[in-house]
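Notes for the one structure printed next.
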Amino acid sequence: MAIRCFLFSATVYVITVCLLYAVNINAKDVESFQTKGSTRAIRSVNTSDFDSTSLLVCAQKCLSHRQCCVASFSKGTSTCRLDTSEKCCIDTETKDGWRTIRRNNYLPINCTGSITFGTSTYSIIPDYEEWDNAKENCKWLGGKLLELETSVENEFIKDTVRTLNTGVKGYWVGGYNFNNDLDMEWINPNTCTGCITFGNSVYSIIGDLTEWEKANENCDCLGGKLLELETAVENEFIKDQVRTLDTGVDGYWIGGYNFNNDDDMEWISKQNQVMSFTDMYPGQPNEPEAQPCMMIWRKFDFLWGDHTCNTQLSYICEFEL
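Using the working numbering, the first residue of the sequence shown is number 3, and each one after it goes up by one.
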């Protein structure tokens, strides 16, 4: 079931429409969560620590709190830390003995009172924003601005807002003149600022410096993944891009990791498969157990290599079209 939320817009006093993706989650459904080792939610005004006998109990506790999307569990101290900020992308820190769990599907509490049409649900969020901020808010909530793709859906939305009769001037939806011409297009991955397209993928080269785990999390939160280079042609395309950018950074994190504690690397999405293509610098990976994270090195002309995961590097996110 796709879930859509509305946001009010401040500067121009227009309401926004978000399309979120979520399902009803049963507390018994352990597969509703993704887990990451050696990390925990940073303590804040939105976190609370509870006694917990297991990761499963901690996950169930998060599921029982409507405002919780992320929790962390320590087996050593039997502690469950819940974050009730209604956000799925929060700051975490590296901490041995802890695991962070995040819901795969989450609908913030402020989307209660929603309405349903077909396979979608629509709800009003009373926040005033400009179009671009509204678009970003929808993305951070796990969705996008509404795209009205049939006349029936369009009439349903018009009937709904007429009935609401909030007095606002209008409603934001996900159309924009992306091509600088005389018409509009719906939002899609091609519209991200500074993104580049190759084949069926869109790439965002992000200059912010961070550790591998956080880069992986950031790409995931944006709706993509750390870059996985699966063909020689794609690999050369990316190398040409970062050579041209010439930012001076030491390198970029990509989505390879030594998941199996052996002498090679695997892609995040294919943890049990041998890479179909590699472009490792000679002798790399040379310490995959101590340096299990993968990057492309500037000093190696952006060939691949292993590296210590807490090194601060730029990174590349990949999105499917």
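Ideal Cβ positions, reconstructed from N, Cα and C, are used throughout, including at glycine.
All of these numbers come straight from a predicted model, not from anything done at the bench.
Secondary structure of L184, DSSP reduced to three states: Coil at L184, not helix or strand.
Among residues of its own chain, excluding the 5 on either side of L49, which ones have a beta-carbon nearer than 8 Å to its beta-carbon? Per the sequence shown, residue 49 should be read as Thr rather than Leu. Answer for T49: A43, R83, L84, D85, T86, listed in chain order.
For the structure I just gave you, are there three or more beta carbon pairs, one from the segment 203-221 and one from the segment 163-181, closer than 8 Å? The segment 203-221 makes no contact with the segment 163-181: fewer than 3 CB pairs, one atom from each, lie closer than 8 Å.
Simplified DSSP state of T193, which is helix, strand or coil: Below a pLDDT of 50, predicted positions are generally treated as unreliable, and T193, at 48, falls in that range; the measurement from the model is reported next regardless. The three-state secondary structure of T193, taken from DSSP, is helix.
Which residues in the same chain as F52 place their Cβ atom closer than 6 Å to its Cβ, once the five residues preceding and following it in sequence are excluded? C82, listed in sequence order.
If you scan the segment 30-92 from start to end, which runs of the beta strand (DSSP E) of 3 or more residues do you find wholly inside it? With a minimum length of 3 residues, the continuous beta strand (DSSP E) runs that stay inside the segment 30-92 are 35-43, 49-53, 72-76, 81-85.
Specify, as a first and last residue, the run of the alpha helix (DSSP H) that I240 falls within. Note, I240: alpha helix (DSSP H), 234-247.
Taking contact to mean at least 3 C-beta pairs separated by less than 8 Å, is the segment 256-276 in contact with the segment 202-212? In short, these stretches do not touch, since the Cβ pair count stays below three.
Given a cut-off of 9 Å, decide if K77 and L57 are closer than it, judged by their beta-carbon atoms. In this structure, K77 lies closer than 9 Å to L57 by Cβ.
For the candidate residues C71, R68, S80, G257, whose alpha-carbon lies nearest to that of T316? Just to set this straight, residue 316 is Ser in the shown sequence, not Thr. Ranked by Cα distance from S316, the first of C71, R68, S80, G257 is G257.
Going by Cα to Cα distance, which pick from D183, E230, E213 is closest to V204? Cα-wise, what sits closest to V204 is E230.
Contact set for C221: own chain, Cβ-Cβ below 6 Å, skip 5 residues either direction: Hits under 6 Å: K227, L228, C319.
From what residue to what residue does the beta strand (DSSP E) around R105 run? Membership of R105 in the beta strand (DSSP E) is indicated by the continuous run 94-105.
Who are F321's beta bridge partners in DSSP? In the DSSP assignment, F321 forms a beta bridge with V204.
Using a threshold of 9 Å, state whether the C-beta atoms of V244 and F304 are closer than that. Taking 9 Å as the cut-off, the beta carbon of V244 is found closer than this to the beta carbon of F304.
Residues in its own chain within less than 7 Å of K97 by CB, not counting five upstream and five downstream? Non-local C-beta neighbours of K97 in its own chain, meaning closer than 7 Å and more than five positions away in sequence, comprise S40, T41, R42, ordered along the chain.
Per-residue burial, I5 [other beta carbons within 10 Å of its own, 16 or more giving buried]: Residue confidence is low: I5 scores 47 on pLDDT, short of 50, so the model does not pin down where it sits. Its coordinate-derived value is still stated next. Only buried fits I5, as 16 or more other CB atoms lie within 10 angstroms of its CB.
Rounded separation between M277 and A234 - CA only: Cα-Cα distance, rounded: 12 Å.
Flag this pair as yes or no: are the beta carbons of R105 and C60 separated by less than 9 Å? It is not a contact, given that the beta carbons lie outside the stated cut-off.
Between the Cα of I298 and those of G285, E289, D281, spot the shortest distance and give me the residue it belongs to. For I298, the nearest C-alpha among the options comes from D281.
Can you tell me which of the three DSSP states K227 falls into? Assigned with DSSP and collapsed to three states, K227 falls in strand.
Are G253 and G307 touching if we call contact CB-CB under 9 Å? Result yes, Cβ atoms of G253 and G307 sit closer than 9 Å.
Using three-state DSSP, classify K146 as helix, strand or coil. Taken through DSSP and simplified to helix, strand or coil, K146 comes out as strand.
Tell me whether T310 sits in a helix, a strand or coil according to DSSP, three-state version. Residue state, collapsed to three classes: coil.
Return the chain-ordered list of same chain residues with a C-beta closer than 8 Å to the C-beta of C292, the five sequence neighbours on each side being excluded. Before going further, note that residue 292 is Ala rather than Cys in the sequence given. In the same chain as A292, and ignoring 5 residues on each side of it, the C-beta atoms closer than 8 Å to its own belong to T310, in chain order.
Rank E155, Y259, L65, Y283 by C-alpha distance to the C-alpha of P290 and give the top, closest one. Residue Y259 is the option with its Cα nearest to P290.
Within the present structure, is the beta-carbon of M186 separated from the nearest heavy atom of the ligand SAM by less than 8 Å? You won't find the ligand SAM in this model; it holds no ligand whatsoever.
Run of the alpha helix (DSSP H) containing T165, from where it starts to where it stops: 153-166 is the span of the alpha helix (DSSP H), which, as asked, contains T165.
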